[in-house]
Structures are given as C-alpha cells and as structure tokens.
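*Asks:* For reference, the structure I am asking about is given below.
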Amino acid sequence: MVQNHPHSTVVLAMSADGKIADFQRAPARFGSIADKTHLEKQIADSDAVIFGADTLRAYGTTLTVSDPILLQQRKSTQPIHIVISLSANLNPEIKFFQQPVRRWLITAKQGANLWQGRSEFERILVFETPTGEIDILAVWEHLATLHITRLAILGGGKLVASLLESNLIDEFWFTICPLILGGAIAPSPVAGGGFVSNLAPKLELLEVYTVEQEVFLHYRLQRNN
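Under the working numbering, the sequence shown has 279 at position 46, and the numbering climbs by one with no breaks.
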C-alpha cells in the first residue's frame, strides 16, 4: 500500500479482448453469477467503493452486499458508496439514490454547487487543483484520515487511468469473460493517454483460477522502491 493512502483494488470484468463495455457503452452485464459473487465479496471486504459518473450513469445503481454471511461479517452495514465526478451532473431520479447505502460525492466546486442543500449525498468532498480538476492525490490522502483503509474501485477507465498515473492503485482483480466485443471506441479498463511500454506500470500475478468459462486474475502493482 502507498503510505497514508487506502489500499486500493480495481475490480472489473472484461471481455476476452479487453473491453469493459461494448461500443455503445451499454451496461456490462456479461459476467456470470460467479463473477457477481466475486464482486460482492470484494465490496464486502472494503470500507468504501468508488466509481466514476459514467459508470453510475450506465448502470443507474450500485451493487450492495446481500449475502447473509458477508453481511454478518460486516455487522449488517454497507460500505460507503462514493461517486467521483468533476461536473457531478447526475440524474437524482436514478435508483442509486433510493438504495440503502451511505452516498458520498467527490467533486470540484462547480459540481458541489449542484448538490448543495440537497439530501442525496451524506457528504460532499471538494478537492480542486488550481486548473479546476479534481485533486486525486489529495482525495486519497483525505480518505485515509477518515479511516477508510480498504477501497474498491469499480470503474471506469478514466478513473483507473488517473489513479495509475498518480501511483494510487495497489491491486487489480480482472474477470475475463468468454466473449469478444471488439470496436475501436469500446472502453477498456484503463483509458487516458496511455503509457509507453518501458514506463508502463508493471504487475505481479498473485492468483489465477477459473470458474466454468471465466478466468479470475489477481495482480499486485510492482513498486519501484
């Protein structure tokens, strides 16, 4: 774990050709029941989950912990569900805002203004750089002060890219699903400008297993000490 930051794990399902959604950016519901069970366990093991606005817009909901054993381990509490969005332009009518979870918003000043005086978010955290972007490093440092020690990142690619560039990701869990989506504009797990090969983040494989036709890959980021 990067010192003074939550231990951060990206959890994503993707097609065999590395796409997390099709070219229409429809909700990725191609994972099996085993994949959903795996995702629920990763969420249950976390103090909070975080996802970008595009991910929330695509699904309209978040995944809550429903397994009785996992709930018992968590003493019937749900992780905090955190949306990170510069604009915070979200539809307050989506199902997410009726789900029984604690909702936080991380945004900049312009996004915070949209939700001031409203009750949808329990907490609005504003971290803005001088150029008007979200200060992702400051966000992670602040989350650590709030006793969030384990964080699950559920997408999308822009958020993952930003975290990788800031060296804030510790682990990846990828589920490889048996289909080909293709498409030059179909999103992948990591968006952004990309990395040149000699400077790309390097991974260490910790675990691999299969359930029927799906492959589960667990990686750790190699740190340059």
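Here a beta-carbon is modelled for each residue, glycine too, at the ideal position from N, C-alpha and C.
(1) Using the Cβ count rule (16 or more neighbours within 10 Å means buried), how would you classify Gly390?
(2) Using 10 angstroms around the beta-carbon of Ile283, count the other beta-carbons present and answer buried if the total reaches 16, otherwise exposed.
(3) Look up Thr509 in the DSSP assignment and give the residues it is bridged to.
(4) Per DSSP, which residues does Glu353 bridge with? Please list them.
(5) Can you pull the DSSP bridge partners for Ile339?
(6) Would you check if the distance between the CB atom of Gly416 and the CB atom of Asp287 is smaller than 8 Å?
(7) Taking a contact to mean a Cβ-Cβ separation below 8 Å, would you say Gly251 touches Leu392 in this structure?
(8) Going by CA-CA distance only, name the one from Gln332, Thr408, Leu396 and Ile369 that's closest to Thr340.
(9) What are the boundary residues of the beta strand (DSSP E) that includes Val423?
(10) Is the distance from the Cβ of Phe329 to the Cβ of Thr294 below 8 Å?
(11) Is the beta carbon of His314 closer than 8 Å to that of Arg336?
(12) Is Thr480 buried or exposed, if buried means 16 or more other CB atoms sit within 10 Å of its CB?
(13) Could you name the residues that DSSP lists as bridge partners for Phe407?
(14) For a test of your reading of the model: does the CB of Ile313 fall under 7 Å from any non-hydrogen atom of the ligand ADP? Yes or no.
(15) When you compare only the Cα positions, how much space is there between Ala424 and Gln349?
*Replies:* Inspection of the coordinates gives the following:
(1) Against the sequence shown, residue 390 aligns to sequence position 157. Classification of Gly390: buried, given that the 10 Å Cβ count is 16 or more.
(2) Along the sequence shown, one-based indexing puts residue 283 at 50. By the neighbour-count rule (16 or more Cβ atoms within 10 Å), Ile283 is buried.
(3) The shown model of the chain, from 234 to 458, leaves out residue 509, and the question about it has no answer.
(4) By 1-based counting over the sequence shown, the position of residue 353 is 120. Paired residue(s): none; Glu353 is not in a bridge.
(5) Looking up residue 339 in the sequence shown gives position 106. According to DSSP, Ile339 bridges with Ile317 and Leu358.
(6) Counting from 1 along the sequence shown, the entry for residue 416 is found at position 183. Counting from 1 along the sequence shown, the entry for residue 287 is found at position 54. Result no, Cβ atoms of Gly416 and Asp287 do not sit closer than 8 Å.
(7) Start at 1 with the first residue of the sequence shown, and residue 251 comes out as number 18. Start at 1 with the first residue of the sequence shown, and residue 392 comes out as number 159. The answer is no: Cβ separation not under 8 Å.
(8) For this step, residue 340 is matched to residue 107 along the sequence shown. Looking at the Cα atoms, Ile369 is the closest of the given residues.
(9) Counted from its first residue, the sequence shown places residue 423 at position 190. Counting along the chain, Val423 falls outside any beta strand (DSSP E), and DSSP gives it neither H nor E.
(10) Start at 1 with the first residue of the sequence shown, and residue 329 comes out as number 96. Start at 1 with the first residue of the sequence shown, and residue 294 comes out as number 61. Cβ atoms of Phe329 and Thr294: closer than 8 Å.
(11) Residue numbering aside, residue 336 sits at position 103 when the sequence shown is read from its first letter. Residue numbering aside, residue 314 sits at position 81 when the sequence shown is read from its first letter. Contact: yes.
(12) Nothing can be reported for residue 480: it is not among the residues displayed for the chain, which extend from 234 to 458.
(13) As a first step, residue 407 must be located in the sequence shown, where it is residue number 174. According to DSSP, Phe407 bridges with Leu245 and Leu450.
(14) As for the ligand ADP, it is missing from this structure, which has no ligand bound.
(15) Here residue 424 is taken as the residue at index 191 of the sequence shown, counted from 1. Here residue 349 is taken as the residue at index 116 of the sequence shown, counted from 1. So the alpha carbons of these two residues sit roughly 30 Å apart.
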